[in-house]
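Asks:
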């Protein structure tokens, strides 16, 4: 803009371009081309993030597909470092046990941007725009020249298809390079995608592992296996798109079903399934009139098959009865019989205003599928080594006509670092959000909750300073993100308020637990104090009156002291040593401090090769990012 | 001190003998009447020897433990809320309120243990028929608790309080527990006494005077001969030395005593015996400040924290000779030597003014006047006029005009 004024003058003296010459350069911009140039919008800003985004998109798709098909998801993510080709060359392979994809759709789903089933409907799902996986394929193609390989079996008794897919970025059209039937796929239905791309493998807060760990927390019904790059480069490099898990591994995996916590088996990290039922299938709903903007309303008017306004309103929106449509029409100076075709911009604007002024019932909320308190507890228990867990699910609420629901969970104590600010795990429709924490509404909600009321220390406008992990989940048919890369939830008052309420609910339970714990500790200390003095007192009494037997006095006084500090006793001796889960209420889990020790011992007994309980220990040789190295992961260290 | 004492012992018998005989005899005559009040307290409670009381305490605790109860000792409260001024006897008496010290109460457990240790230390002393200082007992009871890094006592101030607790709890005096405080205070005057069998002439004590011991009971100190007409208690040792050097006691026929600030129990008890057994009036000379007032009131009515000993220590007939806040004007003392009162002084003065035993008009006027002037005076301030102004002019004048406060 700043250069507009001088150029005007210049244009007069020497005509540089004419409308005609400009027109020659004006043409369609393909979406693929647009995104190739603006890949940061999709989360492919740098090699490190590209790896993560690719995994994220594929896993999201797999989970969505499995759930829609009613299958308990089993997902394997394998990351290979193709160092023999290039130091920055990686191959990501993701395999699921989902419904598979019919042959004809494979190239559309993986080869075209903005193609999918999720964009056109108002339904709670992980992916929303249908950009993700094809963008990942495109990124791979651009950085390595290698097409992606898709193997999918959509019917149990039919062979799987193996499709090698390149992409014409100018025309937004897929190009199939190879298409064969193959037996190289497990006997169930499912899809395997392999993408070769340029990337950088790191550990820490924004790593693949962290992403999968958090995904596992929010999706306790899914089993996820992560195979990080091998410690030593192997000679028998995997065939592109070949089966990921051999017989032996499958067997090992089977034995893991006994676990309910994240475990390492050989090179692989297993995030086990801890809940055996699928989340309820969310229902699709029609938009609520209040959630529609003027432009969208006009588009809907243009696209509707209804001819009259009344019919349009009742059929296109939820919660609009004929009485409500009458009211809207009246307020807009129209009638329910007004022909839709005759509605121009002015009328549409009146209609839009009328909608805002009419009392309309809140949208239906059965379209939301919360994770659920029990499931969140199982998820947190699996991924976070703490001593206390609690969770809460808020009733559904509405922002701008979109129903949403907030859930929160907290884990406290145990192995969590005490001297650091609490960690916030953010989820939108069960998808972890790893970037732009401070821009996120949920982060703000955690900060503005006064945790001091619940016995934690917290600075002004800061996260609480405590061994604490806070999880916030927003479920909605349309999660308002601050940007296309879906990294932070936009700040709506209604949303932030619900988040705060959910956190407060968890905080209160945590506070109760902490007070109780404090009391137990105090009792323990009390007992110590008494025990220390009993010897002194019984000896002194013996000195005053030699007839008194000091040993007998000691025993008697000890008995009184023990009775006085009974509470400490009860808590210490309850249950067996191994599994000390104690239900405080239905919505909280307490793990005794002794459990962590005991559990560690036991894991070793069952599986001697399990050298650590922490998935972050999985790939000791993984390239560590200079700035990512000191970011701690969810599991500490 | 010890050396002086032995030299004094030999000198004692020479001169004084003739002088004192008659006075002592007459004093003995009035003695019995004055002895009455302490006899009352010793009555019912004190029949049991201290040793038996300690044993009773231990059996009581053992019995409670055997029954599965939380053992405790009831300790009479020693603060302003639990003392009352007995208008008739004009002394401060301890009330009935007690604080229960449980063993199995987190805030009291350590003190309970400490009380038991002090009690056991005392019972050892009694058994071995020894006496010792409270500091000594502190070291006797101080050790590290087995298996910990915690000491039974960290500071003598802890054990001193426990000793007082035990005294009131079993109604035995410190002396009966075989304990005494570090002695301080000195005395000279026209009198011969016997201390543990040694005869001491209090006129021949040199510049240091006779160090008043902690235990001054009749079995330790006997009054042999006296020609003293009154006793003068002086707040500070330094001023007392001026009186001694100027031989005030000789000129005025009195005993001069100091207690190094707040007089210890030994000095107070000795004053009490001099007053009650020899019918000697007691005059108190202190600084003109709230602390001086309080020292006087402790001598006269007893102290709040040792209210249980008022009966055998308080001298309700004691008189305040100075310094009064009115003295500055009367004696034309230059304003330069007065000290401005601090906030703390004002607070303490108001507190004292509220005590019932300061309720008399003259005292209210005295305190109000000090607050009004906003200054306090030390005894040494009188030296602004002359070094011996206090002994040659000030006090003789006060005594002559009977310018006292009651």
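Protein chains in written order, with the numbering used here: chain A, 1 to 637; chain B, 638 to 1043. Think of the CB as a built atom: it goes at the ideal place given N, C-alpha and C, for glycine as much as any other residue.
Would you give the residue range spanned by the beta strand (DSSP E) that residue 1033 of chain B belongs to?
Replies: Here residue 1033 of chain B belongs to no beta strand (DSSP E); instead the alpha helix (DSSP H) covers 1032–1037.
Asks: Do you know how far the Cα of residue 73 of chain A is from the Cα of residue 184 of chain A?
Replies: Answer to the nearest angstrom: the Cα atoms are 20 Å apart.
Asks: From residue 481 of chain A to residue 489 of chain A, what does the alpha carbon distance come to, in whole angstroms?
Replies: Taking the straight line joining both Cα atoms gives about 5 Å.
Asks: Would residue 544 of chain A count as contacting chain B if we go by Cβ distances under 8 Å?
Replies: Taking Cβ atoms only, chain B reaches closer than 8 Å to residue 544 of chain A, which makes this a yes.
Asks: Skipping 5 residues on each side, what residues in its chain have a beta carbon closer than 7 Å to that of residue 289 of chain A?
Replies: Closer than 7 Å at Cβ, skipping near neighbours: 317, 320, 355, 360 and 401.
Asks: Just confirm the distance between the C-beta atoms of residue 382 of chain A and residue 272 of chain A, as a whole number of angstroms; I'd bet it's less than 8 Å.
Replies: Contact holds; Cβ gap of about 7 Å.
Asks: What residue range does the beta strand (DSSP E) around residue 161 of chain A cover?
Replies: That run of the beta strand (DSSP E) goes 160–168.
Asks: Once the 5 residues before and after residue 424 of chain A are set aside, which same chain residues still bring their CB inside 6 Å of it?
Replies: Correct list, in chain order: 443, 446 and 470.
Asks: To the nearest angstrom, how far is the alpha carbon of residue 517 of chain A from that of residue 455 of chain A?
Replies: Near 11 Å, if we compare the C-alpha coordinates of residue 455 of chain A and residue 517 of chain A.
Asks: I want to see whether chain B comes within less than 8 Å of residue 518 of chain A, judged by CB atoms only; does it?
Replies: Taking Cβ atoms only, chain B never reaches closer than 8 Å to residue 518 of chain A, which makes this a no.
Asks: Excluding five sequence neighbours on each side, which residues of the same chain lie with their C-beta closer than 7 Å to the C-beta of residue 333 of chain A?
Replies: Answer for residue 333 of chain A: 350, listed in chain order.
Asks: What does residue 761 of chain B touch in chain A if you count any residue whose Cβ is under 7 Å from its own?
Replies: Under the 7 Å cutoff, chain A gives 543.
Asks: Hey, does residue 747 of chain B have any beta-carbon neighbour from chain A nearer than 8 Å?
Replies: Residue 747 of chain B counts as touching chain A.
Asks: I need the straight-line Cα distance from residue 47 of chain A to residue 53 of chain A, nearest angstrom please.
Replies: Approximately 10 Å, taken between the alpha carbons.
Asks: Beta-carbon within less than 8 Å of residue 1039 of chain B's beta-carbon, same chain only, minus the 5 sequence neighbours each way: which residues are those?
Replies: Closer than 8 Å at Cβ, skipping near neighbours: no residue.
Asks: If we cut at 8 Å on Cβ distances, does residue 536 of chain A have a partner in chain B?
Replies: With 8 Å as the cut-off, residue 536 of chain A counts as an interface residue toward chain B.
Asks: Which two residues bound the contiguous beta strand (DSSP E) that contains residue 712 of chain B?
Replies: First-last of the beta strand (DSSP E) with residue 712 of chain B: 709–713.
Asks: So what does DSSP say about residue 866 of chain B, is it helix, strand or coil?
Replies: If DSSP states are grouped into helix, strand and coil, residue 866 of chain B belongs with coil.
Asks: Return the residues of the region 785–812 of chain B that lie within a Cβ-Cβ distance of less than 7 Å from chain A, sorted by chain order.
Replies: Hits within the stretch, in order: 785, 787 and 789.
Asks: Could you pull the start and end residues of the beta strand (DSSP E) that residue 723 of chain B belongs to?
Replies: Start and end: 720–723.
Asks: Examine chain A for any beta-carbon lying closer than 8 Å to the beta-carbon of residue 664 of chain B, and answer yes or no.
Replies: Here residue 664 of chain B scores only 40 on pLDDT, less than 50, and its place in the model should not be relied on; the value that follows carries that caveat. Chain A, which has no Cβ nearer than 8 Å to the Cβ of residue 664 of chain B, makes this no.
Asks: Tell me the DSSP secondary structure of residue 108 of chain A in three-state form.
Replies: It is helical.
Asks: Which residues of chain A have a Cβ atom closer than 8 Å to the Cβ of residue 706 of chain B, listed in chain order?
Replies: Per Cβ cutoff of 8 Å: 560.
Asks: Is the beta carbon of residue 309 of chain A closer than 8 Å to that of residue 275 of chain A?
Replies: No, they are not a contact pair.
Asks: Thinking just about the alpha-carbon of each residue, which of B:883, B:850, B:734 and B:840 is nearest to the one in residue 865 of chain B?
Replies: The option with the nearest alpha carbon to residue 865 of chain B is B:840.
Asks: Since residue 532 of chain A meets chain B, which of its residues come closer than 8 Å, beta carbon to beta carbon?
Replies: Ordered by position in chain B, the residues that pass the 8 Å Cβ test against residue 532 of chain A are 782, 784, 785 and 787.
Asks: To the nearest angstrom, report how far apart residue 1042 of chain B and residue 957 of chain B are at their CA atoms.
Replies: Between residue 1042 of chain B and residue 957 of chain B, the C-alpha separation is close to 5 Å.
Asks: Any Cβ of chain A within less than 8 Å of the Cβ of residue 670 of chain B?
Replies: For residue 670 of chain B, the pLDDT reaches just 40, beneath the cut-off of 50, and the residue's location in the model is therefore unreliable, although a value from the coordinates is still provided. For residue 670 of chain B, the answer is no, since every Cβ of chain A falls outside 8 Å of its Cβ.
Asks: Check the Cβ-Cβ distances between residue 556 of chain A and every residue of chain B, and say whether any is below 8 Å.
Replies: So yes, residue 556 of chain A belongs to the interface.
Asks: Classify residue 152 of chain A as helix, strand or coil using the three-state DSSP reduction.
Replies: Strand, per DSSP.
Asks: Could one say the Cβ of residue 553 of chain A lies closer than 8 Å to chain D's Cβ atoms, at least one of them?
Replies: No chain D appears in this structure, whose protein chains are A and B.
Asks: Quick one: using the 10 Å Cβ neighbour count with 16 as the cut-off for buried, is residue 686 of chain B buried or exposed?
Replies: With fewer than 16 Cβ atoms within 10 Å of its Cβ, residue 686 of chain B is classed as exposed.
Asks: Whole-angstrom Cβ separation of residue 404 of chain A and residue 475 of chain A, contact assumed at under 8 Å?
Replies: That pair is a contact at about 7 Å.
Asks: Measuring straight from C-alpha to C-alpha, what distance separates residue 782 of chain B and residue 775 of chain B?
Replies: When rounded, the distance between both Cα atoms is 15 Å.
Asks: Just tell me which of A:363, A:87 and A:153 has its CA closest to the CA of residue 105 of chain A.
Replies: Among A:363, A:87 and A:153, the Cα nearest to that of residue 105 of chain A is on A:153.
Asks: Per DSSP, residue 471 of chain A forms a beta bridge with which residues?
Replies: In DSSP, residue 471 of chain A forms a bridge with A:409 and A:425.
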